[in-house]
């Protein structure tokens, strides 16, 4: 099952393996309201597994008691009518630059640079394949400037790109591995965040365009 969410500036996709699939063959899709998705997280985050039942306009999430397998918690929501956009068409298939960074160090440097990001929340990344490092910087008229350098595994071209630090941070936090992969197509094209070993999570992020 693939779960996808987007707000036009970023897109996240997570693929999960089903313990038991549908009895009828054939793929289908449904659109779950954002509020319902948040409720599912709050209600079922500590459950080992859940069952999902759906009809054309409703969906039911259910967890079971371990001893009797009787229903423990049930949550029902209406579904949104319509078709989800063809998001796969916007996922970049080729990249000009690939960067592999230690996730914790990357997050720490973004956090430090964000203090100087100003009202635009802009943090810049300057990628240097020769030195195998990226410079992370933030600049604000009120607070001054911040620059730091971070070692990285880099393949491809030298590039400078800017992101909204909040969107970038949220994408990195969604991963669980020690390292994160950042793939860049161009200085104004969509970027891709992945994990090194687990291909089930993909995060697409649009950069801040240069003035």
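Numbering (the working numbering), first residue to last: 7 to 217.
In this text, a Cβ means the ideal position worked out from N, Cα and C, and glycines have one as well.
Fair warning: this is a prediction, and the values are worked out from it, not measured in the lab.
Compare the C-alpha of residue i against each of the options and name the closest.
i, options, result
"residue 214", "157, 10, 15", "15"
"residue 198", "216, 177, 121", "177"
"residue 88", "106, 38, 120", "38"
"residue 218", "194, 145, 115", "As shown, the chain starts at 7 and ends at 217. That puts residue 218 outside it, with no answer to give."
"residue 170", "181, 34, 54, 196", "196"
"residue 95", "210, 131, 216", "210"
"residue 192", "85, 133, 54, 156", "133"
"residue 79", "58, 62, 85, 86", "58"
"residue 194", "216, 205, 183", "216"
"residue 205", "190, 212, 182", "182"
"residue 175", "35, 77, 36, 112", "112"
Quick one: measure Cβ to Cβ for residue i and residue j, integer angstroms, because I've assumed they're closer than 8 Å.
i, j, result
"residue 218", "residue 24", "Shown here, the chain extends from 7 to 217; a query on residue 218 therefore has no answer."
"residue 135", "residue 167", "Between residue 167 and residue 135 the Cβ distance is about 14 Å, and since that is not below 8 Å, they are no contact."
"residue 106", "residue 187", "5 Å"
"residue 109", "residue 55", "About 27 Å separates the two Cβ atoms, so there is no contact after all."
"residue 142", "residue 158", "Residue 142 to residue 158, Cβ: 10 Å. No contact."
Expressed to the nearest angstrom, what Euclidean distance is found between the alpha-carbon atoms of residue i and residue j?
i, j, result
"residue 137", "residue 92", "39 Å"
"residue 129", "residue 69", "42 Å"
"residue 60", "residue 46", "14 Å"
"residue 22", "residue 66", "18 Å"
"residue 90", "residue 173", "22 Å"
"residue 41", "residue 51", "15 Å"
"residue 64", "residue 115", "44 Å"
"residue 44", "residue 33", "24 Å"
"residue 203", "residue 19", "16 Å"
"residue 83", "residue 147", "47 Å"
"residue 17", "residue 201", "15 Å"
"residue 189", "residue 104", "5 Å"
"residue 77", "residue 53", "12 Å"
"residue 156", "residue 131", "10 Å"
"residue 62", "residue 208", "28 Å"
"residue 256", "residue 86", "The structure shown does not extend to residue 256, since the chain is modelled only from 7 to 217, so the question has no answer here."
"residue 13", "residue 36", "17 Å"
"residue 179", "residue 162", "25 Å"
"residue 3", "residue 81", "Because residue 3 is not part of the residues shown, which for the chain are 7 to 217, the question remains open."
"residue 26", "residue 212", "36 Å"
Practice problem: Go through the stretch 108-161 residue by residue and report every complete run of the beta strand (DSSP E) that reaches 3 residues or more, in order. | Solution: 128-134, 139-146, 150-157
Exercise. Check whether the stretch 55-75 touches the stretch 92-111, taking contact to mean three or more Cβ pairs, one atom from each stretch, closer than 8 Å.
Key: no
Practice problem: Within the stretch 7-40, note down every full beta strand (DSSP E) run reaching 3 residues or more, in order along the chain. | Solution: Within the stretch 7-40, the complete beta strand (DSSP E) runs of at least 3 residues are 8-12, 16-21.
Quiz item: Looking at C-beta atoms only, is the number of pairs between the stretch 117-124 and the stretch 145-155 that lie closer than 8 Å three or more?
Solution: yes
Exercise. Please list the segments of the alpha helix (DSSP H) lying wholly inside the stretch 32-108, counting only runs of 4 or more residues, in order along the chain.
Key: With a minimum length of 4 residues, the continuous alpha helix (DSSP H) runs that stay inside the stretch 32-108 are 40-50.
Self-check item: Any beta strand (DSSP E) of 3 or more consecutive residues that is wholly inside the stretch 167-196
Solution: Counting only runs of 3+ residues, the beta strand (DSSP E) found wholly inside the stretch 167-196 occupies 185-190, in chain order.
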